[in-house]
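Quick note on our numbering: the sequence shown kicks off at 45 and runs consecutively. Glycine included, every Cβ here is placed at the ideal spot set by N, Cα and C. Treat the numbers as computed from the prediction; the structure is a model and nothing was measured.
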Amino acid sequence: MSPIPRRSLLKAAAVAGAAARFSWALGARDAQAAPRAEAADADPVTLDWLEDGGLGAAPGSTVGVPWPKGAYQEDQTFALTDENGKAVAVQSWPLAYWPDGSLKWTAHAVTSGSGKLTLTAGAPAAPDKKVTVDESGGTIAISTGVITARIGKAGSTLIKSVTRGSTEIAKNGRLVLIRQPEIEDEDQGTVKTERFDGAISEVTVEQDGPVRAVVRIDGKHRKGDRGWLPFSIRLYFYAGADSFRMVHTITYDGTQEPGKASGDFIRGLGVRFTVPMRDAAYDRHIRIGGEGTGLLREAVQGITGLRRDPGAAVQAAQYAGQKLPDPSTWDQRVTTRLQYIPHWGDYTLSQLSADGFTLRKRTKKGYGWIGAGGGKRASGFGYVGGPSGGFSFGLRDFWEKFPAQLDIRGAHTDEAEVTLWLWSPEAQPMDLRFYHDGMGQDTYAKQLEGLNITYEDYEPEFGTPYGIARTSELLFWANAATPTPDQLADQVKAVRTLPQLAAPPKQLIKAKVFGPGLYSEPDRSTPAKAKIEDHLDFLFTYYKDQVEQRRWYGFWDYGDIMHTYDTVRHVWRYDIGGYAWDNSELSPDLWLWYAYLRSGRADIFRFAEAMTRHTGEVDVYHIGKWAGLGTRHGVQHFADSAKQQRIANTTYRRFYYFLTADERVGDLMRANVDSDETFLVLDPQRKVRTDPYTPDRHALSIGFGTDWSGLVSAWLTEWERKGPKWEKAKARVLSTMEGIAAQPNGFVQGSGLYDLDTGKFAVADKPVVSVSHLSAVFGLNELCAELNYLVDMPKFKEAYLDYCRYFNATKAEQKARYGSDFGSLLLFQGHSRLDAYAAVQTGDATLAKRAWSKFYNSDGYSESSPWKTEPLSGPATLVAGSEAAWVSTNDTALYGLAAIEVLALLGDKMPS
């Protein structure tokens, strides 16, 4: 290719960020597509919180809301009210437009609320305390009206200070990286480490209020002349909040070679702040989260449990975090001996697995640690401070993305230091070396033989982590004084589950987003429908339980699921090639998101959210020669040599972005706009081609299924968002649709020669029948349903409906239509959703009947499947639990999507 350079990505993101600050002006550009729709029905929308408790202690929440085509124009403003009709401050901006220029998605930021909120057209209420941004001088000062943060523009200090009123609560916020240059596999050797500090290269204000402000900071970790491990940090501030949120992304660009002990091994990765300590030692409070909302509640100098009693009221006040009365009022047997009570300045909580944390403390550096407790799963929350002010901090998914750690150092001095370790320095170094030596697979022929035994597509030097990324979320509070226990519990809850507003399923369905008619609310009105709903519930619950039972946790792993089960060993095939981590194979991401869209269930949303964070970051390359490509399923998320569009597919990210307006996921989608360039560098069919093929910029072989669906999804999204390249993206959407429609056999042609410069497919001079069972199962049906609704192109629609009609047809029917049958195919149940879509679009009752027949009576799951689990215990398994040995993730994703879509499209035509 020409790889997509990081500089270009940063530049594009900066342009997009600046555009977002003036986002309504963006809407002035006409999409020049279908005629403007008539004004649609735009009733008020009731927004509700995914979980009980509302916003709680979180700084704010942002929600995406879809609108029917033509409902609102680009200059529309919105108002928000609570359940009592009281105006709630809101900041709104467009996320996407319909082709006629009307609003398709809008984002709405709020900074208060505990119950349902109603969104309507109208003038927005201003917050009592606005967010302000001042970019003058050497820092960027952001004030919420309660706290002020000063953001550095250069150097290694990202956050110079956080103040509340005139009190400095925290300062010197920075990034810390510990590199270990060598890893020892045995019990000998000397461990050496070196520290790198985050160095700022670019700062962009992406939003500047009045309710929400966002600052993006990019750079690398640096020591001396070397800079590596690029980072992208976003800081979120909301009006009136005493807290702020950090979204922290790193991209791995180090070297780790299989079989070699030397390399760039991460020993620790963290975010560090300095906290001024002003109060007396006995008024300095330490709070560290344990299980649930449990807390270690101590003071640097404890006056409880002593041989002499300072007084019950004094002890109770210290435990409550209140300022103690003057020591002269205490029992003097304590007051005169205060100097002999130790000061505990250092605390560490380390979570080195998903199943256990330890907590210890010491008086100061150079002196011994003592155990202070432990448990299973810590909340990732901490606090240090006193009556004059203090700093709360938390790391989301703390135990799920182990090994993690919280450190407090020097709390007995004038300045404490807190570090939130995303990778604990007490854990083993981050070892990303490929897991085997190749086993002699030095030719394509041998590699195909390996594929035939382990299902792993191996190729030397392809199993590299270079370019994968990971995003973490952190929260910080600048407290006026030590929070009460209830306030601390609320802060813990915000760290564990970030409050999220949501639009109801009926609004998503009404707006016809994500494929008109492809999903409907759960319906148990008949026994047959109820049974399918039961099956869908069973499958989701089973995978949720398997994440826990099989411990699918860890910094790089959390969010993914396994591909196939080993019925003999009673484990998922975690160590068998392409049967291990799933990496979006056959679109489990889509199954989960459509399950959420139709139900509004919080547990499904959180599962899908974790998967989106994982698959969009870890399973995809973001820099380097394979930027824009993802990796096929395997033992390691980057192990397989199949680097393809189908895994980097923007389709999988669209849901989370439009539902939450998450900027990081927006970056991922925008980075894919030019990923057609990747076909210059890597031919996805290189091992199986029989004819000579050299990638040609003007004649690149691109499949109409897994390849094109990934490309067109990125282009469509950029067009809808009206991003920096929206006009180019729109042109490519339309030109490639036209090119596919013009092929002698349409989609059945299989692939075409694509010109990178013109964005067009050459029209083949003769018909070819080339159909794969994989072509439509990576989001093609869902995308084509959207495209057919968005773009008036009858020939494209006809070509796609023809593909839908004949995939599940008999070989005789295929041959009669195309002169040749489609060969041996699979995944008929998954393709029943194509039958259903075509049946509705054409009004063909025969197709409708076939859709249900293929859903019930082909491959995949059936009504005669067990639809239950069996108990597992020792000595058959490592951890007691359950198994459904008949379940596979391929079948689950396909059944889930088929059930959701066929029910929605043809629920009224179910067989009796």
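Inset, instruction - Can you grab the Cα-Cα spacing for the pair residue 341 / residue 331, in whole Å? - result: Within the sequence shown, the letter at position 297 stands for residue 341. Within the sequence shown, the letter at position 287 stands for residue 331. Whole-angstrom Cα-Cα distance: 5 Å.
Inset, instruction - Measure the Cβ-Cβ separation of residue 575 and residue 565 and say whether it is below 8 Å. - result: Locating residue 575 in the sequence shown gives position 531, where the first residue counts as 1. Locating residue 565 in the sequence shown gives position 521, where the first residue counts as 1. Not closer than 8 Å, so no.
Legend entry - Three CB pairs or more closer than 8 Å across the region 630-648 and the region 467-477: Result no; under three Cβ-Cβ pairs closer than 8 Å.
Legend entry - Length of the line joining the Cα atoms of residue 506 and residue 457: On the sequence shown, position 462 is the one that residue 506 refers to. On the sequence shown, position 413 is the one that residue 457 refers to. When rounded, the distance between both Cα atoms is 50 Å.
Legend entry - Inter-residue Cα distance where the pair is residue 429 and residue 452: Taking the sequence shown and counting its residues from 1, the one referred to as residue 429 is at position 385. Taking the sequence shown and counting its residues from 1, the one referred to as residue 452 is at position 408. Near 11 Å, if we compare the C-alpha coordinates of residue 452 and residue 429.
Inset, instruction - Verify the CB distance criterion: does residue 647 have a CB-CB separation below 8 Å to chain C? - result: Note that chain C does not occur in the displayed structure, where there is just one protein chain.
Legend entry - Pair within 8 Å by beta-carbon distance, residue 335 and residue 440: Within the sequence shown, the letter at position 291 stands for residue 335. Within the sequence shown, the letter at position 396 stands for residue 440. Not closer than 8 Å, so no.
Inset, instruction - Please go through the same chain and pick out, in chain order, the residues whose beta-carbon is closer than 7 Å to the beta-carbon of residue 653, but skip the five residues on each side of it. - result: As a first step, residue 653 must be located in the sequence shown, where it is residue number 609. Here the set comprises 700.
Legend entry - Span separating the alpha-carbon of residue 305 from that of residue 346: As a first step, residue 305 is located in the sequence shown; it is residue number 261 there, counting from the start. As a first step, residue 346 is located in the sequence shown; it is residue number 302 there, counting from the start. Spanning the two alpha carbons is a distance of roughly 47 Å.
Inset, instruction - Specify the secondary structure class of residue 63 as computed by DSSP and reduced to three states. - result: Locating residue 63 in the sequence shown gives position 19, where the first residue counts as 1. The pLDDT assigned to residue 63 is 42, lower than 50, so where the model puts this residue is not dependable, and the model offers no usable value.
Legend entry - Inter-residue Cα distance where the pair is residue 445 and residue 944: Counted from its first residue, the sequence shown places residue 445 at position 401. Counted from its first residue, the sequence shown places residue 944 at position 900. Straight-line measurement puts the Cα of residue 944 at about 31 Å from the Cα of residue 445.
Legend entry - residue 451 in three-state terms, based on DSSP: To locate residue 451, count along the sequence shown from 1; it is residue 407. It is a strand residue.
Inset, instruction - Indicate the three-state DSSP secondary structure (helix, strand or coil) for residue 945 in the structure shown. - result: In the sequence shown, the residue the question calls residue 945 occupies position 901. Residue 945: helix per DSSP, three-state reduction.
Legend entry - residue 951 - DSSP class collapsed to helix/strand/coil: Numbered from its first residue, the sequence shown carries residue 951 at position 907. Note: residue 951 maps to helix in three-state DSSP.
Legend entry - Own chain partners of residue 174 with C-beta closer than 8 Å, once the 5 adjacent residues on each side are dropped: Your numbering for residue 174 matches position 130 in the sequence shown. The answer, listed in chain order, is 189, 253, 254, 255, 283.
Inset, instruction - Flag this pair as touching only if the region 579-592 and the region 680-691 have three or more C-beta atom pairs under 8 Å; answer yes or no. - result: Contact fails between the region 579-592 and the region 680-691, because fewer than three Cβ pairs, one in each stretch, are under 8 Å apart.
Inset, instruction - Report the rounded CA-to-CA distance for residue 157 versus residue 105, giving the unit in angstroms. - result: Taking the sequence shown and counting its residues from 1, the one referred to as residue 157 is at position 113. Taking the sequence shown and counting its residues from 1, the one referred to as residue 105 is at position 61. So the two alpha carbons sit approximately 10 Å from each other.
Legend entry - Beta-carbon proximity list for residue 756, same chain, < 7 Å, skipping 5 on both sides: For this step, residue 756 is matched to residue 712 along the sequence shown. By the criterion of a C-beta distance shorter than 7 Å, residue 756 is surrounded in its chain by 777, 780, 827, once the five residues flanking it on both sides are discounted.
Inset, instruction - Consult DSSP for residue 483 and reduce its assignment to one of helix, strand or coil. - result: Mapped onto the sequence shown, residue 483 falls at position 439. If DSSP states are grouped into helix, strand and coil, residue 483 belongs with coil.
Inset, instruction - Return the CA-CA distance between residue 496 and residue 922, expressed in angstroms with no decimal places. - result: Within the sequence shown, numbered from 1, the residue matching residue 496 stands at position 452. Within the sequence shown, numbered from 1, the residue matching residue 922 stands at position 878. Looking at the two C-alpha atoms, the distance is approximately 29 Å.
Legend entry - Under 8 Å between C-beta atoms of residue 281 and residue 543: If you number the sequence shown from 1, residue 281 lands on position 237. If you number the sequence shown from 1, residue 543 lands on position 499. Judged by their CB atoms, residue 281 and residue 543 are not nearer to each other than the 8 Å cut-off.
Inset, instruction - Would you check if the distance between the CB atom of residue 276 and the CB atom of residue 260 is smaller than 8 Å? - result: Within the sequence shown, the letter at position 232 stands for residue 276. Within the sequence shown, the letter at position 216 stands for residue 260. A contact, by the Cβ cut-off of 8 Å.
Legend entry - First and last residue of the uninterrupted alpha helix (DSSP H) at residue 779: For the purposes of this step, residue 779 is taken as residue 735 along the sequence shown, with counting starting at 1. Taken as a continuous stretch (DSSP letters only), the alpha helix (DSSP H) holding residue 779 covers 770-786.
Inset, instruction - Count the CB pairs spanning the region 863-873 and the region 814-828 that are closer than 8 Å, and state whether there are at least three. - result: Per the Cβ contact rule, the region 863-873 is in contact with the region 814-828 (3 or more Cβ pairs under 8 Å).
Legend entry - Inter-residue Cα distance where the pair is residue 317 and residue 244: Residue numbering aside, residue 317 sits at position 273 when the sequence shown is read from its first letter. Residue numbering aside, residue 244 sits at position 200 when the sequence shown is read from its first letter. Distance between the alpha carbons of residue 317 and residue 244 is about 16 Å.
Inset, instruction - With DSSP as the reference, label residue 413 as helix, strand or coil. - result: Counting from 1 along the sequence shown, the entry for residue 413 is found at position 369. If DSSP states are grouped into helix, strand and coil, residue 413 belongs with coil.
Legend entry - Cβ-Cβ distance between residue 935 and residue 676 below 8 Å: Residue 935 sits at position 891 when you count from the first residue of the sequence shown. Residue 676 sits at position 632 when you count from the first residue of the sequence shown. No; because the gap between Cβ atoms is not below 8 Å, this pair is not in contact.
Inset, instruction - May I ask you to report which of helix, strand or coil DSSP gives residue 79? - result: As a working note, residue 79 is residue 35 in the sequence shown. With a pLDDT of only 42 at residue 79, under 50, the local geometry of the prediction cannot be trusted, and the value read off the model is given with reservation. In this structure, residue 79 counts as coil in the three-state DSSP scheme.
Inset, instruction - Let me know the secondary structure DSSP gives residue 71 once reduced to three states. - result: Along the sequence shown, read from residue 1 onward, the residue named residue 71 stands at position 27. Any answer about residue 71 is weak, because its pLDDT of 32 lies below 50 and its placement is not dependable; what the coordinates show is given next. Reduced to three states, the DSSP call for residue 71 is coil.
Inset, instruction - Tell me, please, whether the region 721-741 touches the region 299-313 by the rule of three or more beta-carbon pairs shorter than 8 Å. - result: They do not touch, by the three-pair rule.
Inset, instruction - Take residue 939 as the anchor and find which of 205, 821, 830, 860 has the nearest alpha-carbon. - result: Along the sequence shown, read from residue 1 onward, the residue named residue 939 stands at position 895. Comparing Cα positions, the closest option is 821.
Legend entry - Simplified DSSP state of residue 255, which is helix, strand or coil: Counting from 1 along the sequence shown, the entry for residue 255 is found at position 211. Here residue 255 sits in coil by DSSP.
Inset, instruction - Taking all protein chains shown into account, decide if residue 616 is buried (16 or more other Cβ within 10 angstroms of its Cβ) or exposed. - result: Taking the first residue of the sequence shown as 1, we reach residue 616 at position 572. Residue 616 should be labelled buried.
Inset, instruction - In angstroms with no decimal places, state the Cα-to-Cα distance between residue 136 and residue 124. - result: Working through the sequence shown from its first residue, we reach residue 136 at position 92. Working through the sequence shown from its first residue, we reach residue 124 at position 80. Distance from the CA atom of residue 136 to the CA atom of residue 124, rounded to whole angstroms, is 10 Å.
Inset, instruction - Below 7 Å CB to CB, which residues in the same chain sit around residue 132 once its five sequence neighbours on both sides are set aside? - result: The residue labelled residue 132 in the question sits at position 88 within the sequence shown. Counting only Cβ-Cβ distances below 7 Å, and skipping sequence neighbours, we find 124, 125, 126, 154, 156, 157, 161, 169.
Legend entry - Boundaries of the alpha helix (DSSP H) in which residue 713 is found, first to last residue: The residue labelled residue 713 in the question sits at position 669 within the sequence shown. Looking at the DSSP string, the run of the alpha helix (DSSP H) that includes residue 713 is 707-715.
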